[in-house]
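S.K.:
There are 2 protein chains.
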Amino acid sequence: MTENYPPPILTVDIVPLTIRDGRLCVLLAERPNEPFAGRLALLGGYVHVDKDRALGDTARRVLRDKAGLDRLYVEQLSTFSGPQRDPRGWSASVAYFSLTPLEAVEPALERSGIVLVDADKPQGLPFDHDAILAAAVSRLRGKGAYSDLPARFLGPSFTLAELHRTYQVVLGERINIDAFRRKVMERGFLEPTGEKRRDEGATRPSELYRLTAQAAVFPRRF
Amino acid sequence: MTENYPPPILTVDIVPLTIRDGRLCVLLAERPNEPFAGRLALLGGYVHVDKDRALGDTARRVLRDKAGLDRLYVEQLSTFSGPQRDPRGWSASVAYFSLTPLEAVEPALERSGIVLVDADKPQGLPFDHDAILAAAVSRLRGKGAYSDLPARFLGPSFTLAELHRTYQVVLGERINIDAFRRKVMERGFLEPTGEKRRDEGATRPSELYRLTAQAAVFPRRF
Numbered sequence: 001m002t003e004n005y006p007p008p009i010l011t012v013d014i015v016p017l018t019i020r021d022g023r024l025c026v027l028l029a030e031r032p033n034e035p036f037a038g039r040l041a042l043l044g045g046y047v048h049v050d051k052d053r054a055l056g057d058t059a060r061r062v063l064r065d066k067a068g069l070d071r072l073y074v075e076q077l078s079t080f081s082g083p084q085r086d087p088r089g090w091s092a093s094v095a096y097f098s099l100t101p102l103e104a105v106e107p108a109l110e111r112s113g114i115v116l117v118d119a120d121k122p123q124g125l126p127f128d129h130d131a132i133l134a135a136a137v138s139r140l141r142g143k144g145a146y147s148d149l150p151a152r153f154l155g156p157s158f159t160l161a162e163l164h165r166t167y168q169v170v171l172g173e174r175i176n177i178d179a180f181r182r183k184v185m186e187r188g189f190l191e192p193t194g195e196k197r198r199d200e201g202a203t204r205p206s207e208l209y210r211l212t213a214q215a216a217v218f219p220r221r222f
Numbered sequence: 001m002t003e004n005y006p007p008p009i010l011t012v013d014i015v016p017l018t019i020r021d022g023r024l025c026v027l028l029a030e031r032p033n034e035p036f037a038g039r040l041a042l043l044g045g046y047v048h049v050d051k052d053r054a055l056g057d058t059a060r061r062v063l064r065d066k067a068g069l070d071r072l073y074v075e076q077l078s079t080f081s082g083p084q085r086d087p088r089g090w091s092a093s094v095a096y097f098s099l100t101p102l103e104a105v106e107p108a109l110e111r112s113g114i115v116l117v118d119a120d121k122p123q124g125l126p127f128d129h130d131a132i133l134a135a136a137v138s139r140l141r142g143k144g145a146y147s148d149l150p151a152r153f154l155g156p157s158f159t160l161a162e163l164h165r166t167y168q169v170v171l172g173e174r175i176n177i178d179a180f181r182r183k184v185m186e187r188g189f190l191e192p193t194g195e196k197r198r199d200e201g202a203t204r205p206s207e208l209y210r211l212t213a214q215a216a217v218f219p220r221r222f
C-alpha cells in the first residue's frame, strides 16, 4: 500500500463451463450495476470478509446468490490485475472456473439475463473477461489429456463412451477409443459403480463408472 | 465489499527457488517489521498502485528492492486467502515462484538477514508461508517432467548432462539419461547454441544448449 493511494480493489470472477450439443459453453450474466450495467459478463463479486473463509467461498457464494448454482466443482485459475482492467481503479480479480453437467446449470438459465454462449470465441466482454475466459479454456485443454477435469462435465456416474465423447469435445479432436480407454484407466481416477446402463442405440448395456473418492472431493480450496 | 467491514488486505509473496549442492533451496528473509518482525519468511509486500502495472510487477519489484535480485524468471503460483492467515485481518496473498541459478541469488545472500534453506521441509514459517512453499515445490515437481521449468535453474547455456542432473534434483529421482535426452528433445524447447564445453571430468567437449526464444521469454505476465 502506498501512502495517499487507495488500496487495490479485490474481486472474484468465475468462468462456469459446461457442454451443450457437443460444444464447450460458458455461462454469462447481464451486469445489474455499473460499471458496464446491462452488459453480459462473467459472474463476479467482492469478498465478504464477514462470511467468506477463503476466496473459493466467495466464488461459490457468487454462483449461489447470483445464479442459483450450488455445489459446483470450482478450481482457481489465476489472478488478473492492473490499473486498467476495471474503471473503478487498480484491481486484482482472482479467477475461478467451474465444470458442470448441463443439467446442473439449467436452473440458472431460467433466470432473466443469464445465458449460455460458445466458450471458444471472444464474446467482446467488458473488463478483461475475454482474456479470463480464454485462459480458462486453455487451462482445461492443457490439463485435459492427463486430468480428471473433463469428467466433471458428467453426472455422478457415466459410461466410458460418454466420457470419451466429453474428452473429444474438450480437446477439440477425435481420440482413438481403445487408446483412450487404456490411458484413462491407467490414471486411476475412475472406478466401476457395479451398475450398468444401456446407451441410446447400443445393443448391450455398458458398465458405469464414477470418479474415485479421492478425485471427487473438492480439491485445492484456496 | 460488505458495509462496515474493512476491505481485504492484498499482498504478494514470492518463493525464490534455486539448487545448491544438489538440493532444492528457497531464499528466505528476516522480516524487518511487524507482524512477525525478526522471523524468517518469504519475501513479500503490498501492491504499489502508482508503480506496478500488474501483480507480476509487484513480485519483481519486491525481489529487486528487498533482495537486490533483478530479471528473475517469475511465475504466478496461486492466491492464498482467509481471515486467519495474517494477523492484520482478512487477506489475500498472490504467490509467485521464481527459478534461478545459484549465481543469480548470491548477491542477495551477501545482505544481512537473507538465507538459503532446504525447500523440501517445513521451516516453521509465519503466516501460511510453509503451505505456499510446499505448493511451489509441488507445482515445480508436477510440471517438471513435461516442462521447461527446470532449465530456469541453469545459466543461459548448458550441456544436456547439466540439464539431466537438474531434472533429477527437481524430480527427486534417478532418470535414465537416454530416455531423458529423447523426451527433452521431443519437447522442442531446446536448441543447440553451436558451441561446446568440456564438463569437469569429461573426456570430450559437449554440445551446449539454450532455451528457444519462445521458451525463454518471460511468460504469463499476469
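The listed protein sequences derive, respectively, from chains E and B.
Each residue of the first sequence is one higher than the one before, counting from 1 in my numbering.
Each residue of the second sequence is one higher than the one before, counting from 1 in my numbering.
Think of the CB as a built atom: it goes at the ideal place given N, C-alpha and C, for glycine as much as any other residue.
1. Please decide whether residue 55(E) counts as near chain B, where near means a Cβ-Cβ distance under 7 Å.
2. Which residue comes first and which comes last in the alpha helix (DSSP H) that contains residue 101(E)?
3. Please report whether the beta-carbon of residue 21(E) lies at a distance below 7 Å from any beta-carbon of chain B.
4. Looking at the C-beta of residue 74(E), does it have a partner C-beta in chain B at a distance below 7 Å?
5. Leaving out five residues on either side along the sequence, give the residues of the same chain with a beta carbon under 6 Å from the beta carbon of residue 58(E).
6. What do you reckon, are the CB atoms on residue 215(E) and residue 180(E) nearer than 7 Å?
7. For residue 56(E), which of helix, strand or coil comes out of DSSP?
8. Between the beta-carbon of residue 98(B) and the beta-carbon of residue 116(B), is there less than 7 Å?
9. Please classify residue 213(B) as buried or exposed, where buried requires at least 16 other C-beta atoms within 10 Å of its C-beta.
10. Tell me which same chain residues have a C-beta within less than 6 Å of the C-beta of residue 19(E), skipping the five on either side of it?
11. How is residue 172(E) classed by DSSP in three states: helix, strand or coil?
12. Contact criterion: CB-CB distance below 7 Å. Does residue 37(B) meet it with respect to chain E?
13. Please work out which residues of its chain come closer than 8 Å, Cβ to Cβ, to residue 114(B), disregarding the five sequence neighbours upstream and downstream, and give them in chain order.
14. Does DSSP put residue 23(E) in a helix, in a strand, or in coil?
15. Just how far apart, CA to CA, sit residue 166(B) and residue 100(B)?
16. Use the C-beta contact count for residue 75(E): other C-beta atoms within 10 angstroms, 16 or more gives buried, fewer gives exposed.
17. Using C-beta distances below 8 Å, list every residue in its chain close to residue 63(E), excluding the 5 sequence neighbours before and after it, in chain order.
18. Give me the residue from 159(B), 186(B), 88(B) with the minimum Cα distance to residue 127(B).
19. Quick one, which residues of the segment 107-139 of chain E are near chain B if we go by CB-CB under 8 Å, in chain order?
20. So residue 206(E) and residue 160(E) are supposed to be a Cβ contact under 8 Å. How far apart are they, rounded?
21. Hey, which unbroken runs of the beta strand (DSSP E) at 3 residues or more fall wholly within the segment 84-136 of chain B?
22. Under 7 Å between the Cβ atoms of residue 41(E) and residue 140(E)?
23. Distance, Cα to Cα, residue 220(E) vs residue 60(E)?
24. Do we get a CB-CB distance below 7 Å when we pair residue 78(B) with the residues of chain E?
25. With 16 as the cutoff for other CB atoms within 10 Å, does residue 204(B) come out buried or exposed?
26. Closer than 8 Å by C-beta to residue 86(E): which residues in its own chain qualify, once you throw out the five before and the five after it? Chain order, please.
27. My understanding is that residue 196(E) touches residue 208(E), with C-beta atoms under 8 Å, so please give their C-beta distance in whole angstroms.
28. Once the 5 residues before and after residue 39(B) are set aside, which same chain residues still bring their CB inside 8 Å of it?
29. Which chain B residues are close to residue 93(E), counting only those with a beta carbon under 9 Å from its beta carbon?
30. Give every residue of the same chain whose Cβ lies closer than 6 Å to the Cβ of residue 218(E), excluding the five residues on either side of it in the sequence, and list them in chain order.
31. Where residue 37(B) and residue 155(E) are concerned, what is the direct C-alpha to C-alpha distance, given to the nearest angstrom?
32. For residue 199(E), decide whether its Cβ has a neighbour in chain B, counting only Cβ atoms nearer than 7 Å.
33. In chain order, what residues of the same chain lie with their CB nearer than 7 Å to the CB of residue 174(B), ignoring the 5 residues before and after it?
M.R.: Short version:
1. yes
2. Residue 101(E) -> no alpha helix (DSSP H), and no H or E assigned at all.
3. no
4. no
5. 12, 47, 52
6. no
7. helix
8. no
9. exposed
10. 153, 169
11. coil
12. no
13. 27, 28, 29, 30, 67, 108
14. strand
15. 12 Å
16. buried
17. 14, 16, 43, 69, 70, 72, 74, 98
18. 88(B)
19. none
20. 7 Å
21. 91-99, 114-118
22. no
23. Its pLDDT being 34, under 50, residue 220(E) is placed unreliably in this model, and the value from its coordinates should be taken loosely. Cα to Cα, residue 220(E) sits roughly 13 Å from residue 60(E).
24. yes
25. exposed
26. 9, 11, 35, 93, 127
27. 6 Å
28. 30, 31, 125, 126
29. Those do not exist, as residue 93(E) stays about 10 Å from chain B at its closest Cβ, beyond 9 Å.
30. Legend: pLDDT at residue 218(E) = 40, less than 50; position of this residue unreliable, value from coordinates given subsequently. If we look at residue 218(E) and ignore the five residues flanking it on each side, it has no Cβ neighbours.
31. 50 Å
32. no
33. 168
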